[in-house]
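In terms of full-length UniProt numbering, the sequence shown opens at residue 1 and continues consecutively.
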Amino acid sequence: MAYYRQVGAVPPKRHTQHRDSEGRLYFEELMGEEGFSSDSSLLYHRNIPSAIVDSQPWELPDQTTTPNHPLRPRHLRLHELFPKETWSHTDVVTGRRLILGNADVRISYVVSTQDSPLYRNATGDEIVYVESGQATVETMFGAVEARAGDYVVIPTSTTHRWLPHGEGPLRAYAIEASSHVSPPKRYLSRFGQLLEHAPYCERDLHGPTQPMAGEGTDVEVYVKHRAGGALVGTRMVYPQHPFDVVGWDGCLYPFTFSVHDFEPIIGRVHQPPPVHQVFEGNNFVVCNFVPRKVDYHPLSIPVPYYHSNVDSDEIMFYCGGDYEARKGSGIGQGSVSVHPGGYAHGPQPGAYERSIGVDFFDELAVMVDTFRPLELGEGGLACEDPGYAWTWSGRGPDR
1 MAYYRQVGAV PPKRHTQHRD SEGRLYFEEL MGEEGFSSDS SLLYHRNIPS
51 AIVDSQPWEL PDQTTTPNHP LRPRHLRLHE LFPKETWSHT DVVTGRRLIL
101 GNADVRISYV VSTQDSPLYR NATGDEIVYV ESGQATVETM FGAVEARAGD
151 YVVIPTSTTH RWLPHGEGPL RAYAIEASSH VSPPKRYLSR FGQLLEHAPY
201 CERDLHGPTQ PMAGEGTDVE VYVKHRAGGA LVGTRMVYPQ HPFDVVGWDG
251 CLYPFTFSVH DFEPIIGRVH QPPPVHQVFE GNNFVVCNFV PRKVDYHPLS
301 IPVPYYHSNV DSDEIMFYCG GDYEARKGSG IGQGSVSVHP GGYAHGPQPG
351 AYERSIGVDF FDELAVMVDT FRPLELGEGG LACEDPGYAW TWSGRGPDR
């Protein structure tokens, strides 16, 4: 995100001496994307950031996937995955269950009241949508507060941890990229500022405001990375706490963005999905559907027209309100619909006609569109509604 911030103590000139009150040097770290050719930040550490004293394997949660074959639309009921008795010993990092994934993006879900370990994803940026609950997300850049409706955007290799708090569990929908994520290019000026036609602006992005002061020695950090083309995990042990940054500045840092700050773009007739886009990564986009006035042409049909995803899979996470187009399908709060490429999909029977004359949709959903097929993870297979594919015709192969 090319939006400059400065937090804590930094020297007047980069790559120059920066000392504490007793004359000891701080250690400068450049954290940058795409080598030295994209966004970066400079962080100033009390201790050497590369010092480790141990490195051991970390066995990741099940990452196996199963192709969507034979091809069909799917309905996944995420709220079935975590019974209440599991919340107190599940955390947002190690407790994630893989729902869908391919080489570009992995989507997981978790329900937790337990603090997570320190964690770093070295394979790509993460976008974690908070369905419900609250958490403090402590990072090497400082802390951010997350609550229901927030996206928490965490750049690659940012050491952080999740600390749920408040009433109720934290329900988190994690979108893990194998790339960096950013606002759509069409929303940005050539210098990286969000433009006037964008549905959100820099004022809506909330980053850390002060450095962390972590304490402790021999501190363990869980690292997700790649080895030999496979996704693997390592537990690294640091002699001092990695939250030792006294200051940083730059254009690369974690931030939160509330879905409630997204200003919907509407028109006289039904608008195509790109008007709902909020982020993009390599070979996928993220959109959100928020409460909004809908089409005002006198002959408009507000629900989506039937459409074929000829180049993409469409994944919709229903996280609030009442989604008009899916009434009668069994889909509700906490559902995910999987509409794959090669299949024409659209409103459930009767929804097309019922929407005529409607002027407002009270719905909240997060959509991920991928440009390579997604496969089902173990979590997706565990909570599938087997009858969803036949809800348009009213009968299936066993009837």
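For each residue, glycine too, the CB sits at the ideal point set by N, CA and C.
Just so we're clear, the structure is a prediction, and the values are computed from it rather than from any experiment.
The alpha helix (DSSP H) runs of length 4 or more contained entirely in the segment 328-364 are, from start to end of the chain, 351-354. DSSP links residue 225 through a beta bridge to 232.
Boundaries of the beta strand (DSSP E) harbouring residue 126: 126-132, taken from the DSSP string. With a contact defined as Cβ atoms closer than 8 Å, residue 178 and residue 229 miss out at about 12 Å. In the structure shown, residue 103 adopts coil according to DSSP, grouped into three states. For the 8 Å CB-CB criterion, residue 331 and residue 75 form a contact. Of 352, 323, 82, 290, the smallest CA-CA separation from residue 149 is found for 290. When the alpha-carbon of residue 385 is set against those of 16, 44, 78, the nearest one is in 78. With at least 16 other beta carbons inside 10 angstroms of its own, residue 379 counts as buried. The beta carbon of residue 157 lies closer than 6 Å to those of 120, 122 in the same chain, with the five residues before and after it left out.
Annotated as distal: residue 101 and residue 112, with beta-carbon spacing of 8 Å or more.
Cβ contact annotation for residue 6 (same chain, cutoff 8 Å, sequence separation greater than five): 247, 248, 249, in chain order. Between residue 207 and residue 255, the CB-CB gap stays under 8 Å.
Residue 378: not part of any beta strand (DSSP E); member of the alpha helix (DSSP H) spanning 378-382, first to last residue.
Secondary structure at residue 164: strand, using DSSP grouped into helix, strand and coil. At a Cβ-Cβ threshold of 8 Å, residue 237 and residue 54 count as neighbours. Beta-bridge analysis with DSSP links residue 287 to 277, 367. Note: residue 40 is bridge-paired with 32 in the DSSP secondary-structure output. Note: residue 200 is not bridge-paired with any residue in the DSSP secondary-structure output.
For residue 26, the secondary structure class from DSSP, reduced to helix, strand or coil, is coil. Here the segment 208-223 makes no contact with the segment 13-29; the two share fewer than three CB pairs at distances below 8 Å.
Assignment of residue 393 by DSSP, reduced to helix, strand and coil, places it in the coil class.
Taking 8 Å as the cut-off, the Cβ atoms of residue 198 and residue 243 do not count as close. Residue state for residue 45 is assigned as strand, using DSSP reduced to three classes. The continuous beta strand (DSSP E) containing residue 257 extends over residues 255-258.
As a beta-bridge residue in DSSP terms, residue 188 pairs with 194. The alpha-carbon separation between residue 349 and residue 359 amounts to approximately 20 Å. Minimum Cα-Cα distance from residue 42 among the listed residues 370, 56, 27 corresponds to 27.
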